[in-house]
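Working notes for the structure below.
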Amino acid sequence: MSDAHFADARLSKRQTKLVQKLAQAPDKSFPSLLSDSELEAAYRFFGNEAVTPPAILAPHVRATLARMAAEPVVLAVHDTTTLSFRTDGQRQGLGRLHSSGQTSSPTSPWRSVPMERAARSACSPRSTHVRDDHPTGNAPGEARRWKHARDAATTEITAA
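Residue numbering for the sequence shown follows UniProt numbering, beginning at 1 and increasing consecutively.
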């Protein structure tokens, strides 16, 4: 994750610093882990238009694909989990969590699993789904998230 390659070298350096800080205490939040000036720099980093989830994850994806290329057979296993967020603030891009009113974002990561070493694997988030504000029963978009996650993983793997 520290091998970032943004067009602006300052962004690459900032991501490397953030990854190193998070690696020291992955259970901590940014405000508890960073000084005031570091926290301000982190907010500027994440607010930059060039800083997107795919750009942040690119070093991880490259490393995962390199490990996969070294294996004769690799499974791309999918699952869905829900990232939920406290309701004490408005967050853009999130939908409701069931009927509780809590905001959330279901995500469908894929995990690369070498057949010979299934215990050593890496996870690459590829797909998220945002629910509408009002429940509509079985939303067809949610059922398609598995296909979208599979297609994204296939595209990523075959492009390497």
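C-beta: ideal position from N, C-alpha, C; glycine also.
query: In angstroms, rounded to a whole number, what distance separates the CA positions of serine 12 and leucine 18?
result: Near 10 Å, if we compare the C-alpha coordinates of leucine 18 and serine 12.
- prompt: What three-state label does DSSP hand lysine 76 in the structure shown?
  reply: It is worth fixing the name first, because residue 76 is alanine in this sequence and not lysine. Looking at alanine 76 - three-state DSSP - the assignment turns out to be strand.
query: So, is threonine 52 buried or exposed, given that buried needs 16 or more other C-beta atoms within 10 angstroms?
result: That one is exposed.
query: At what residues does the alpha helix (DSSP H) containing lysine 17 begin and finish?
result: Residues 9-24.
- prompt: Would you report the Cα separation of alanine 23 and phenylalanine 30, rounded to the nearest angstrom?
  reply: Distance between the alpha carbons of alanine 23 and phenylalanine 30: 12 Å.
- request: Determine the direct distance from the alpha carbon of methionine 68 to that of alanine 119, and round the result to whole angstroms.
  value: Any reading at alanine 119 must be qualified, since the residue scores a pLDDT of 44, below 50, and its modelled position is unreliable; the value itself is stated next. Their Cα atoms are separated by approximately 14 Å.
- prompt: Per DSSP, what kind of secondary structure is serine 35 in: helix, strand or coil?
  reply: Taken through DSSP and simplified to helix, strand or coil, serine 35 comes out as coil.
message: So for alanine 58, helix, strand or coil by DSSP?
response: Collapsing the DSSP output to three states places alanine 58 in a helix.
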